[in-house]
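In what follows, a single structure is set out as structure tokens and then discussed.
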Amino acid sequence: MNNQNDGNPKKGNFPLAIVLGLGAIVAILVIAGLAVMNKSEVTTSASPTPSVALSETPSSTPLAAETPTPSPTASALVPETPSPNATASPPTPSPNATASPSPTTTPSSLSVSQAVERLKQTRVCPACDLQGADIKGISLRGADLKNANLQGANLADATLSSTILTGANLSGANLSGTQISGVNFEGANLSNANLSNAKFQIGNGETILIRANLKGADLSAANISYANFSEADLSGVKLTDARLGSGLNFKKAILDEADLSLVIWDNLKSEMVDGASFKGANLKSSNLGEIKDFTNVNLTGATMPDGTVHP
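Residue numbers (the working numbering): -12 to 298.
Here it is in structure tokens:
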């Protein structure tokens, strides 16, 4: 009996050992599985590590990309630099136009007011537009107004001395009472200009009016000496009461229909009017009758100093 009882506990203990053994095996397998999983996690976790490293590497790339960021900033600053210059440059011409516009602008591009200021400041304004400008009493000593437009301008009582007005347009301009000396009007347009009471003097040499256009100009009561009107067109000019002095040249000039009544011509000589035309001119009460030789002068239809009409 004792042997049977002793044997039963042995039989009961054997399965328990098996269960424990199997439990240990399972635990080992679990632990091994977990270890494998940990390794895989380590592997996978290690893989992001380089990815982080890679991500950190490009993070420096944006820093490299940030390096050009100042370049757009600099490029943005570059246009900003001209913008103040552009802002400064427009005002620059306006003061320059007042003080000395020649460095920045061409004379022909100036407005009338700018041209007047330029003329006053520099006396150099060729081809300037001074149409209708009021420059009464101005001194234009040595001024350069070649080819300038002075149509209808007011130059009354101005001083023109050694002034260059070649090719200038002075049609309809007011030059009454002007002092004229050594001025170059060659080829200028003085048609219908008012030169009444003007004084042409010798001061700075002979005044040149060669081939000038003085059609319909008013030279009444003017005092004219030392002026060269050769080949000039003085058709219909008004010279009533004018005083013509020495040093005049009207060779080949056209004085058709001109009014020279009451003109006194000092030191009159035939050669002064050689080749001139006085067709239909009024010479009444003038001293042009003192000319002894009219053989080379056209007096067709002219009213002579004695009131007779020349055939």
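In this text, a Cβ means the ideal position worked out from N, Cα and C, and glycines have one as well. Here the structure is a predicted model, which means the values were calculated and not measured.
Beta carbon of residue i nearer than 9 Å to that of residue j
i	j	result
L221	A204	yes
A209	A185	yes
S273	S248	yes
S212	N236	no
L142	N161	yes
A229	L206	yes
I241	V260	no
L127	R110	yes
I125	T146	yes
Q166	Q188	yes
S178	L196	no
For residue i, three-class secondary structure by DSSP
i	result
T109	helix
A209	coil
S96	helix
S264	strand
A11	helix
N274	helix
V284	coil
L16	helix
S148	strand
V296	strand
A102	helix
S183	coil
S217	coil
S158	coil
Exposure of residue i, with buried meaning 16 or more beta-carbon neighbours within 10 Å
i	result
A11	exposed
V170	buried
N269	buried
P298	exposed
I15	exposed
V224	buried
G159	buried
G276	exposed
S264	buried
S100	exposed
S98	exposed
S233	exposed
D299	Outside the modelled stretch of the chain, which goes from -12 to 298, sits residue 299, for which no answer is possible.
V296	exposed
N181	buried
N329	Here the chain comprises residues numbered -12 to 298, so residue 329 is not present and cannot be evaluated.
G129	exposed
D293	exposed
Integer Cβ distance of residue i from residue j, believed to fall under 8 Å
i	j	result
S148	S168	5 Å
G119	A102	The pair is not a contact, with the Cβ atoms about 11 Å apart (cut-off 8 Å).
K266	T287	5 Å
R198	A219	6 Å
CB contact below 9 Å: residue i versus chain D
i	result
I278	Looking for chain D here will not work: only one protein chain is present.
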